[in-house]
Amino acid sequence: MSTLTTNPTSPAGPTLPNGGRPSMLSRILSQTRAAFTSPKYGPVLVTLVLLIIIFAIGGSRYKGFVSGPVILNLFVDNAYLIVLAVGMTFVILTGGIDLSVGAVVALSTMIAASLLQAGWEAGVVIPLILLVTSTLGFLVGLMVHVFKIQPFIATLAAMFLARGLCYVISNNSISIDNPFFVALAQTRIPVGPRMSINASVIIAIVVVIIAFYVLHYTRLGRTVYAIGGGEQSGMLMGLPVARTKVLVYVISGFCSGLAGVLFTFYTLSGYSLTAIGTELDAIAAVVIGGTLLTGGYGFVLGSVLGVLVLGTIQTIITFEGTLSSWWTRIFIGVLLLVFIILQKVLTARRR
């Protein structure tokens, strides 16, 4: 009688103490557990699960909550914040912060409204806004890198400057009636039955795709992550640390200007008090999206998930009808604290 023998070096998989092999389910559970406890992927996965749970809660309480129009309206209402969060992601990945983005959004709306009212063409106004905001970001980057000023202080100064310039332009709201801006504000792009998006969503998606490519497939992206992981190590590796530290603030300034342009499409006006506190929304979205405040870990797609979480909470409060809008701030504050603690736990376990 012949007997079957099993080669202990067979590639079929590791053996268990009882001589068996781990099942497919156990391997999947092990890999899932490893992903959720990873400081790189864990917070992003938690954000995704949280978004699904919030949608499930909304769907169980309100008829029609989980529907195409509601989901698309999340992108329509938050397109400018998505662009803002993309720029903030670059900065936070290096271990920095940018408190000026909300004021720069307001400055962009004021520049657009005042110049358009004066008869300037949209084809000149939009590039001019992006140039001005990028230049402001460049100056902030120089303060941070050349003069070694803490990003908190440098961007706080830029915030006061931008907000002050808004009041120099005008104390009152300025309406926009430029045909190009009005057309973009009113144009809806159908994507299904009773479902549509606007041009701002398309622009936001393009920005996210470009940012994703830059961060993961270019030398600039590798340098951004390296700076967040350890600036000195990046310099020893021969990476362009100085140039990149300045450039991330230029990118943030550019995204802030573009977000301001998208906001004018949304409101068709410019106002000095626009976007007060929006810088905190952008930071919250990035952190809830899984980017470590100390830098080095994070994904731009996670920041998009963070924006959607904030937007979904606001939508639920709107559907409820009996809650004040300030409850949004309360929920965001709680989530922010939870995710900061989660980051601390995961990074501590890594050490």
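Under this note's numbering, think of the first position of the sequence shown as 50, with each following residue one higher. All C-beta atoms, glycine included, are put in the ideal place defined by N, C-alpha and C.
Contact between the stretch 149–169 and the stretch 272–289 is absent, with fewer than three C-beta pairs closer than 8 Å. Looking at the DSSP output, residue 239 shares a beta bridge with 245. Non-local C-beta neighbours of residue 207 in its own chain, meaning closer than 7 Å and more than five positions away in sequence, comprise 149, 185 and 189, ordered along the chain. In the structure shown, residue 149 adopts coil according to DSSP, grouped into three states.
Around the beta carbon of residue 147, 16 or more other beta carbons sit within 10 angstroms, so the residue counts as buried. Counting only the Cα atoms, residue 228 lies some 11 Å from residue 166. Residue 323 and residue 312 do touch by the CB rule: their CB atoms are close to 7 Å apart, below 8 Å. A distance below 7 Å separates the beta carbons of residue 349 and residue 260. For residue 137, the uninterrupted alpha helix (DSSP H) run begins and ends at 117–142, by DSSP. Between the stretch 331–340 and the stretch 128–148, the count of C-beta pairs closer than 8 Å reaches three or more; the two stretches touch. About 6 Å separates the Cβ atoms of residue 100 and residue 357, confirming a contact at the 8 Å cut-off. For the pair residue 275 and residue 285, the CB atoms are not nearer than the 7 Å cut-off. Listed in chain order, the alpha helix (DSSP H) elements of length 4 or more contained wholly in the stretch 349–387 are 349–369. Excluding residues up to 5 positions away in sequence, 128, 131 and 132 lie with their Cβ nearer than 6 Å to the Cβ of residue 253 in the same chain.
In the three-state reduction of the DSSP assignment, residue 325 falls in the coil class.
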